[in-house]
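Q: Residue numbers (the numbering used here), protein chains in the order written: chain A, 346 to 662; chain B, 4 to 582. Ideal Cβ positions, reconstructed from N, Cα and C, are used throughout, including at glycine. Fair warning: this is a prediction, and the values are worked out from it, not measured in the lab. Supplied in structure tokens, the structure appears directly below.
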Amino acid sequence: MSDTSVRPSSTLRREPRHFRRLLAIWFVVSVVGDVLFYTLVGPHVPPGTETSTAAHQQLDFNVLFVVALPVVFAIWVYLIYALVVWKGGEVGETEPLMGGAAARTHLRIQLWWIMGTTAIVLGLFVFGTVELVLPAGAGGGEGPNPIWTPKSKNPLQVQVIAQQWKFTYRYPAYGGMETDQLVLPNNTAIAFHVTSLDVIHSFWAYQLGVKADANPDQDNVAFTTTNEVGAITVRCSELCGLWHGAMFNYGKVVPKAQFATWAQQTEAQLAPVTKLLPPFSYTYNPDANGADGGYYPDNVDPYSKPEIYGAESKKAQ
Amino acid sequence: MTLLAERPSPLSHPEEPEHGHEPSGVLNWLTSTDHKVIGKSYTITSLVFFCLAGVMAVVIRTQLASPDGTIVSQHTYNELFTMHGSLMLYLFAGPFAFGGLANYIVPLQVGAPDMAFPRLNALSYWLYLTGGLTMIAGFLTVGGAADFGWVAYAPLSNAVNSPGAGPDMWIVALVLTGFSAIFTGVNIVATIFYLRAPGLTMFRLPIFTWNMLVTAILILVAFPVLTAALILLWCDRHLGAHIFTTTGGGVPVLWQNLFWFFGHPEVYILALPYFGMVTDVLATFSRKPVFGYRGMIFATISIGALSTAVWAHHMFTTGVVLLPFFSLMSYLIAVPTGIKFFNWIGTMWRGSLHFTTAMLFAVGFLIVFLFGGVTGVLLAAPPVDFATHNTYFVVAHFHEVLFGSAVFGGFAGLYYWYPKMTGRMLRERLGQASFWFMFIGFWVTFLPQYLLGLHGMPRRIAEYAASEGWTGLNRVSSVGAYLLFISVAIMVVNFYISWRRPIVASGNPWDGQTLEWAAASPPVHHNFTWLPPVRSERPVWDFNHPEHTTQQHRQSDHATDGLVGVATTGFTDTGEESE
Chain A
346 MSDTSVRPSS TLRREPRHFR RLLAIWFVVS VVGDVLFYTL VGPHVPPGTE TSTAAHQQLD
406 FNVLFVVALP VVFAIWVYLI YALVVWKGGE VGETEPLMGG AAARTHLRIQ LWWIMGTTAI
466 VLGLFVFGTV ELVLPAGAGG GEGPNPIWTP KSKNPLQVQV IAQQWKFTYR YPAYGGMETD
526 QLVLPNNTAI AFHVTSLDVI HSFWAYQLGV KADANPDQDN VAFTTTNEVG AITVRCSELC
586 GLWHGAMFNY GKVVPKAQFA TWAQQTEAQL APVTKLLPPF SYTYNPDANG ADGGYYPDNV
646 DPYSKPEIYG AESKKAQ
Chain B
4 MTLLAERPSP LSHPEEPEHG HEPSGVLNWL TSTDHKVIGK SYTITSLVFF CLAGVMAVVI
64 RTQLASPDGT IVSQHTYNEL FTMHGSLMLY LFAGPFAFGG LANYIVPLQV GAPDMAFPRL
124 NALSYWLYLT GGLTMIAGFL TVGGAADFGW VAYAPLSNAV NSPGAGPDMW IVALVLTGFS
184 AIFTGVNIVA TIFYLRAPGL TMFRLPIFTW NMLVTAILIL VAFPVLTAAL ILLWCDRHLG
244 AHIFTTTGGG VPVLWQNLFW FFGHPEVYIL ALPYFGMVTD VLATFSRKPV FGYRGMIFAT
304 ISIGALSTAV WAHHMFTTGV VLLPFFSLMS YLIAVPTGIK FFNWIGTMWR GSLHFTTAML
364 FAVGFLIVFL FGGVTGVLLA APPVDFATHN TYFVVAHFHE VLFGSAVFGG FAGLYYWYPK
424 MTGRMLRERL GQASFWFMFI GFWVTFLPQY LLGLHGMPRR IAEYAASEGW TGLNRVSSVG
484 AYLLFISVAI MVVNFYISWR RPIVASGNPW DGQTLEWAAA SPPVHHNFTW LPPVRSERPV
544 WDFNHPEHTT QQHRQSDHAT DGLVGVATTG FTDTGEESE
């Protein structure tokens with residue numbers, strides 16, 4: 346990229362091959378950086394491998410980092426090089442090293458750059474979309490009518506009810522019991538139905554690689570498949586008021602048999618309470634009497650049928 | 004290329020024309036319609052808001068420096084991060100660029116005596132100041148200031164969940180500053196289209212002015228949406244409109260769509276002006292023309308256009324948006340941004356780089372913004388967004404792009420144009436100290452936040468348990484925040500010294516290239532007593548360096564290769580091949 350045609354020949358000095366030098370430095374730094382990252386950091390990248398969606402997210406992180414690092418290094422290597430090699434004196438002392446056409450534009454190299462960056466981002470887009478579709482929505486909330494569903498015909502349905510400031514979980518397969526601990530069986534497809542009773546919350550099960558907003562009056566469905574036994578931390582990840590930071594609880598993924606035992610015991614234990622709960626529904630309206638945690642199935646005016654809902658709920662209070 | 008007759012130079016009336024008696028002092032500040040006075044008022048006011056919001060950030064970081072922090076209550080904490088974000092985004096980053104520096108510099112760069120609508124300009128400032136004070140005054144109300152985050156998601160922001168006057172004042176403040184921004188946008192567009200000096204065609208405008216044009220158009224696209232949404236929210240709060248609540252058939256997620264339809268163009272409204280400043284600074288201190296000038300302009304326009312089609316990437320987890328579409332759009336916007344990066348480093352290629360404070364901040368911007376931009380590319384993949392959405396990873400990402408733009412880019416612009424605006428130089432040594440504190444402090448603050456996000460720390464939480472294992476990284480991050488505080492303090496000292504012990508700046512202290520450097524420092528009442536002939540995008544350089552004029556290069560290119568040759572000589576004559 347010189348401009349010997351413009352510069353007077355007396356000022357011509359032999360320029361080192363900047364571009365090749367830069368390319369060589371960048372290549373070495375990038376290869377070393379990527380290899381170190383992939384081997385040393387890669388396996389420990391969150392959120393781990395407890396579920397299918399978590400494992401995919403870990404893979405996505407690694408792939409994107411491996412692509413991104415050389416891009417970052419390209420600019421950083423260039424800047425450091427420029428700082429060292431092309432540092433000028435005081436303002437006004439020196440003349441520009443180059444002017445002319447090459448200083449103003451360089452069509453071929455610009456086109457290469459544009460094609461290169463476009464190819465990278467389109468490649469990442471395809472990768473990201475495949476990684477969204479293959480693991481059935483990748484653990485994100487897909488709304489009430491999911492486009493991407495898991496192969497398993499019979500995922501375990503778990504409803505997540507968010508309200509200021511707690512999460513509770515209802516298991517329709519176990520009599521609609523409502524627990525405040527998330528317990529899941531291992532090696533099982535799970536369908537989360539996330540909803541809220543008041544403001545918008547977000548159900549984030551960190552180790553499961555699941556995040557779905559809890560919107561009032563909406564059934565937000567997210568899928569995952571458990572692969573490993575382990576702990577679960579559930580946090581609210583959307584600002585929901587004063588005690589947003591305190592809105593978290595813990596759970597676990599346990600072997601299938603242990604889950605069955607737990608579920609049967611808990612169902613029996615909670616039976617008297619479950620009886621008083623409103624029937625299972627995909628969305629609910631909060632108890633209009635105030636923030637007491639009570640709720641009613643959606644689209645039902647709690648006061649119009651006191652014999653069905655109101656009376657029982659009042660008893661529950 | 005338009006060729007116009009030489010105009011007499013200097014102009015035939017070198018003396019100041021008689022404008023009648025100009026008031027001075029406070030009265031001047033109150034009544035002036037001069038873009039320079041208003042621009043300075045904007046700059047100072049927005050920097051005061053920046054410092055206030057910075058102090059809030061320091062309190063926030065102090066609260067988070069240890070587990071179960073008790074420096075402030077949960078409620079105060081929520082007010083603090085809400086107001087920190089609101090002040091920084093609505094009252095600093097935007098107005099500092101389009102109300103402050105652009106207001107001052109754009110008329111100078113186009114060779115105009117003032118903005119197109121000087122009184123509207125004054126109205127903009129007074130609306131902005133009133134709005135800003137209204138927002139801050141929320142702290143004085145019984146229930147405190149707004150505490151629902153700078154995004155004010157419904158239904159958290161409704162009258163039931165956020166009662167009180169503070170939130171109402173926040174809404175009113177944003178309506179006022181929204182109108183202020185809209186008026187400024189109109190003014191900038193009109194000024195650039197209609198008040199350019201003879202010979203200054205659109206493709207000879209400085210990049211900063213071009214970016215301000217696109218920014219102003221984006222303001223006109225985005226801000227009315229926010230203003231309308233805020234009025235709807237106010238109706239929800241006071242008239243029972245039920246637009247954003249489920250009762251009565253409203254849709255809470257509608258707020259997010261409206262807000263982010265403003266909010267994402269807003270991100271570029273906050274970034275493009277600083278891209279422009281950095282471009283001008285890099286060209287001046289590399290002593291070269293802007294590399295890929297037209298590519299730069301088309302990249303800016305593409306960013307502006309694409310920025311209106313990416314808003315739902317803030318809503319990937321809501322379950323109501325089509326993920327692949329918004330993922331694709333978000334990825335595509337990286338391409339024009341990449342063109343800009345290439346042209347920035349191309350501008351530096353084999354230049355004669357002068358590391359003044361302004362240049363340091365500009366290079367700091369490149370380093371910081373790149374990292375923020377690349378982590379943004381990561382977030383455009385929905386699966387990665389699911390893992391990081393609303394965690395400290397995102398907090399670190401947007402601080403890298405926004406702090407990178409508005410503070411590194413903005414301070415590059417401020418140090419660059421400060422002599423023009425005040426007629427005084429800033430102390431270089433203090434400026435460089437300020438830069439290094441900021442650069443190091445920045446990474447110490449935000450790198451740990453990426454890791455905290457990956458380790459599961461959500462944003463906007465007032466406290467965390469020691470058992471989470473987040474303490475160490477949070478502590479490091481807080482130390483970084485103190486370094487940033489020191490950096491800004493040094494800069495304030497620098498301003499103070501230049502005020503008390505001025506070093507007089509010449510009209511063109513940096514050997515600048517664009518028209519503002521043809522005016523005195525600070526410019527006289529109607530800016531120019533004289534203009535150089537405008538034959539390229541760097542008329543002042545051409546005038547001062549006749550041996551290196553841009554026009555000569557062009558002519559030599561044309562002479563050898565014809566018009567296409569401008570491009571072709573570039574790549575047939577590369578350094579590698581000519582050796």
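Just verifying my parser: in three-state terms, what is the DSSP assignment at A:Q504?
A: Of the three classes helix, strand and coil, the one that applies to A:Q504 here is strand, per DSSP.
Q: Got a sec: is the Cβ-Cβ distance from B:H556 to anything in chain A below 9 Å?
A: Low per-residue confidence applies at B:H556: pLDDT is 49, beneath 50, and the placement is therefore not dependable, though the value from the model is reported in the following sentence. Yes, contact with chain A.
Q: Give me the chain A residues within the contact set of B:H583, using Cβ-Cβ distance strictly less than 7 Å, ordered along the chain.
A: With chain B running from 4 to 582 in the structure shown, residue 583 of chain B is simply not present.
Q: What distance in whole Å lies between the Cβ atoms of A:S547 and A:P561, which are believed to be in contact at a cut-off of 8 Å?
A: Wrong, their Cβ atoms sit about 13 Å apart, outside the cutoff.
Q: With a threshold of 6 Å on Cβ separation, who are the neighbours of B:P11 within its own chain once the five nearest residues in sequence on each side are excluded?
A: The predicted position of B:P11 is uncertain, since its pLDDT is 47 and thus under 50; a value taken from the coordinates is nonetheless stated next. Here the set comprises nothing.
Q: Below 9 Å between beta carbons: does that hold for B:M588 and B:L405?
A: The requested residue 588 of chain B is not part of the displayed model; chain B covers only 4 to 582.
Q: Report the rounded CA-to-CA distance for B:T474 versus B:C54, giving the unit in angstroms.
A: Answer to the nearest angstrom: the Cα atoms are 27 Å apart.
Q: According to DSSP, is A:G437 helix, strand or coil?
A: Its pLDDT being 49, under 50, A:G437 is placed unreliably in this model, and the value from its coordinates should be taken loosely. Residue state, collapsed to three classes: coil.
Q: Residue ranges of each beta strand (DSSP E) run of no fewer than 3 residues wholly in the segment 130–218 of chain B, ordered along the chain?
A: Within the segment 130–218 of chain B, no complete beta strand (DSSP E) run reaches 3 residues.
Q: Among B:N106, B:A315, B:V113, B:S480, which one has its Cα closest to the Cα of B:T517?
A: The candidate whose alpha carbon is nearest that of B:T517 is B:V113.
Q: B:T320 and A:A550 look like a contact to me (Cβ under 8 Å); what is the Cβ gap, rounded to whole Å?
A: Not confirmed; about 12 Å, so no contact.
Q: Would you say B:E466 faces chain A, with C-beta separation under 9 Å as the test?
A: Yes, B:E466 lies at the interface with chain A (some Cβ there is under 9 Å from its Cβ).
Q: If I measure Cβ to Cβ from B:F101 and keep anything under 8 Å in the same chain, skipping five residues before and after, which residues do I get?
A: For B:F101, where only same-chain residues beyond five positions count, the Cβ hits under 8 Å are A184, T187, G188, I191, M215, T218, A219, I222, I272, P276.
Q: Assuming B:G134 contacts B:A176 (C-beta within less than 8 Å), just tell me the rounded distance between them.
A: About 4 Å separates the two Cβ atoms, so the contact holds.
Q: Terminal residues of the continuous alpha helix (DSSP H) containing A:N407?
A: 397–430 is the span of the alpha helix (DSSP H), which, as asked, contains A:N407.
Q: Are three or more beta carbon pairs between the segment 397–408 of chain A and the segment 560–580 of chain A nearer than 8 Å?
A: Cβ pair count under 8 Å is three or more, so yes.
Q: Does DSSP put A:L479 in a helix, a strand or coil?
A: Three-state result, A:L479: coil.
Q: What are the boundary residues of the alpha helix (DSSP H) that B:G3 is part of?
A: What the structure shows of chain B is the stretch from 4 to 582, and residue 3 of chain B is not part of that stretch, so it cannot be assessed.
Q: Since B:G298 contacts B:L229 with CB under 8 Å, what's their CB separation in whole angstroms?
A: Wrong, their Cβ atoms sit about 31 Å apart, outside the cutoff.
Q: Please identify the residue among B:S481, B:L257, B:V479, B:L487 whose C-alpha is closest to the C-alpha of B:V410.
A: The option with the nearest alpha carbon to B:V410 is B:L487.
Q: Enumerate in chain order the residues of its own chain whose CB-to-CB distance from B:V323 is below 7 Å, with the five nearest sequence positions on each side excluded.
A: So the list reads V256, once near-sequence residues are dropped.
Q: Determine, for A:T625, whether the minimum Cβ-Cβ distance to residues of chain B falls below 9 Å.
A: According to the sequence shown, residue 625 of chain A is Phe rather than Thr. Cβ-Cβ to chain B under 9 Å: no for A:F625.
Q: Can you tell me whether B:P209 is buried or exposed, with buried defined as 16 or more other CB within 10 angstroms of its CB?
A: Label assigned to B:P209: buried.
Q: Determine, using beta carbons only, whether B:T321 comes closer than 9 Å to chain A.
A: Yes, because at least one Cβ of chain A sits closer than 9 Å to the Cβ of B:T321.
Q: Could you give the distance in angstroms between the alpha-carbon of A:R362 and the alpha-carbon of B:V284?
A: One C-alpha to the other measures close to 27 Å.
Q: Could you tell me which chain A residues have their CB closer than 9 Å to the CB of B:T532, listed as they occur along the chain?
A: Correct list: empty, because the minimum Cβ distance to chain A is about 23 Å.
Q: Who are A:G485's beta bridge partners in DSSP?
A: A:G485 is bridged to A:K556.
Q: A:A481 to B:L94, Cα distance in whole Å?
A: So the alpha carbons of these two residues sit roughly 42 Å apart.
Q: Mind listing the chain B neighbours of A:D405? Cutoff is C-beta to C-beta under 7 Å, in chain order.
A: Those within 7 Å of A:D405 in chain B are A384, P386, V387.
Q: If we define contact as Cβ-Cβ less than 9 Å, is B:W439 a contact residue for chain A?
A: False, the Cβ-Cβ gap to chain A never drops below 9 Å.
Q: Is there a Cβ from chain B that is less than 9 Å from the Cβ of A:L477?
A: With 9 Å as the cut-off, A:L477 counts as an interface residue toward chain B.
Q: Step through the CB atoms of chain B and report whether any lies within less than 9 Å of the CB of A:R449.
A: A:R449 counts as touching chain B.
Q: Of the residues that make up the segment 286–301 of chain B, which ones have a beta carbon closer than 7 Å to any beta carbon in chain A?
A: Under the 7 Å Cβ criterion, the segment 286–301 of chain B contributes R290, K291, P292, F294, G295, Y296, G298.
Q: Relative to chain B, which residues along the segment 468–499 of chain A have a C-beta separation below 8 Å, given in chain order?
A: Cβ contacts with chain B come from L469, F470, F472, G473, T474, E476, L477, P480, A483, G484, G485, G486, E487, G488, P489.
Q: Going by Cα to Cα distance, which pick from B:R122, B:D117, B:I174 is closest to B:G141?
A: For B:G141, the nearest C-alpha among the options comes from B:I174.
Q: Take B:G349 and list the residues in its own chain whose beta-carbon comes closer than 8 Å to its own, dropping the five residues that flank it on each side.
A: Answer for B:G349: F294, G295, listed in chain order.
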